[in-house]
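To keep things clear, I will list the structure first and then write my remarks on it.
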Amino acid sequence: MKKRLSLFVMALIQLSQMPVLAADEEPVAKIRATYGSATLSAIEETDRQILKKEAEFLQFNGAFREHYATPNKWRTRRVNAANFTAGALANAGDITLLSQFWRYHNDPGVGLQHKGRLEAGPAIVLSAYCTLGGLTALEGIHDMYSDYRAKQKGFDAKTVLSKGKKLKGELDALIDARQKQVNGATDLSRDDSTRLTAESHFLKDCHDLTLLEFSRLYVDSRKQKAARDLNTLGTIAVCATGAFPGAYDVIRGIQKVNLKDVGGGGIGFLISGSLLTVAQVLIYGGAAVTGKLSNETVLKAIGEGQCKIADNLARDARALEALNTSSQEQRGYTAISQLLADREALLNKERRAHKHEIVYSLIEHAALGGPQIAFGTLLTRAGYHYTNNPVKAFGDVAVGATVNEVSWALWQLQSTKDIFSSEIGFHKPVAVEAFSLDNSSLKQLQSAVQ
């Protein structure tokens, strides 16, 4: 009895000393234990498993991109409606403001006898800022709810990075196992050795491009989220400063017949216009910083050396095609080569388009914010420099409002254009692009490795 007890205790001690594998390490250990044979048929089976894991990784990349990059039709419509409504109100308010101050700029005393007419313009502008700011804040809350839903579906940054790291580990284990099989094989002909070497180069290219694709998608998703959130905060800031102290102080200055309050409103419009002008610089700058940090994060997770562009993929694919490979294998190689090439081309095309979009957006916001800065400057001068000269003060307000109408007219034109262009895009037939889960090359790859 004592002998059995001692043996049992020793067994427990040995079990306690065995290494415990983390959950994401178990599949890797299983792969290394399974693919140990060095026969040609075993190597070919490993090739199939590598392509199968590549297909799984590429399908995950496609699903992830579809989640974050597909335009949200109703969100776009809500944002467009908010911009259009605010622009219509602001145009109406600014036109009212400039018409009334031009009407009474030579006789301010008569104008002050009809304060309601003078207050109407800034009051409508105030409602425009409050409308846009309030709707933008609500959209920001909805974005947070959407992020929560995305986390439940496994598309938050932490889960996506963990999934990518897991797939990369399994793919690495398969490629390492294959290399050991090739090194240990002794019954290979010269043609077999040549083919296996060519396949090794090709599979390494596919491996690198798949990881590069994942890292680019991860960084792009983080940049888009940062830009979205910064745009929300920037719009709220523009509206808050334009409304308070902007339009509100102008109304109060008219009510109290105090030009210094009007000058305070000018400062509010000056800040609001400045924020609108530099908003895109801050948004794209913030997104760029987020992208750099995200790139460092993903490289730590999957390895910097694994993310080099394999320029020789097409060359290695052609070399492999010239060798005697089975039709089933060749079908898989052709499919993954085409799929990776198409996806990389699409990402490069979108990157170039994004650069043009940045330039256009910077010019657009400079055109929108510049007149508002001029309006704020003239209101400030009217309130603080012409305190004892209401005729000149009224004239500055009228001139400033007239200049500012350029900004609001451009805003309205742009919001109208956005509505029409987005609706036309929504009603176009949805094309099956490279990252679509219905892509023919992806379907062919999945079929070839079954």
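Heads up: the sequence shown begins at 3 in our numbering, then just goes up one per residue.
For each residue, glycine too, the CB sits at the ideal point set by N, CA and C.
Keep in mind the model is a prediction, meaning the values are calculated, not measured.
Query: Residue environment, residue 245, which counts as buried when at least 16 other CB atoms sit within 10 Å; Result: buried
Query: Secondary structure, alpha helix (DSSP H): runs of 4+ residues fully inside the segment 67-130; Result: 75-106 and 110-114
Query: Sequence-distant residues of its chain with Cβ nearer than 7 Å to residue 434 (five each side left out); Result: 440 and 441
Query: Terminal residues of the alpha helix (DSSP H) in which residue 331 lies; Result: 329-386
Query: Three-state secondary structure assigned by DSSP to residue 185; Result: helix
Query: Distance cut-off 7 Å: residue 385 Cβ against heavy atoms of the ligand SAH; Result: Annotation note on the ligand SAH: not contained in the displayed structure, which lists no ligands.
Query: Own chain partners of residue 162 with C-beta closer than 7 Å, once the 5 adjacent residues on each side are dropped; Result: 66 and 220
Query: Residue 95 beta carbon less than 8 Å from that of residue 106; Result: no
Query: Residue range of the unbroken alpha helix (DSSP H) whose run includes residue 435; Result: That residue, residue 435, is in no alpha helix (DSSP H); it is neither H nor E in DSSP.
Query: Burial state of residue 443, where buried means 16 or more other Cβ atoms lie within 10 Å; Result: buried
Query: C-beta contact flag for residue 403 and residue 99 at 8 Å; Result: yes
Query: Distance, residue 254 Cα to residue 372 Cα; Result: 25 Å
Query: Nearest-angstrom Cα separation, counted from residue 288 out to residue 139; Result: 20 Å
Query: Residue 85 burial status per 10 Å Cβ neighbour count (16 or more: buried); Result: buried
Query: From 80, 59 and 108, residue whose alpha carbon lies closest to that of residue 392; Result: 108
Query: Length of the line joining the Cα atoms of residue 147 and residue 316; Result: 43 Å
Query: Spatially closest choice to residue 128 from 339, 384, 343 and 240, by CA coordinates; Result: 240
Query: Beta-carbon gap between residue 279 and residue 368 smaller than 8 Å; Result: yes
Query: Beta-carbon gap between residue 2 and residue 267 smaller than 8 Å; Result: No answer is possible for residue 2: the residues shown for the chain start at 3 and end at 452.
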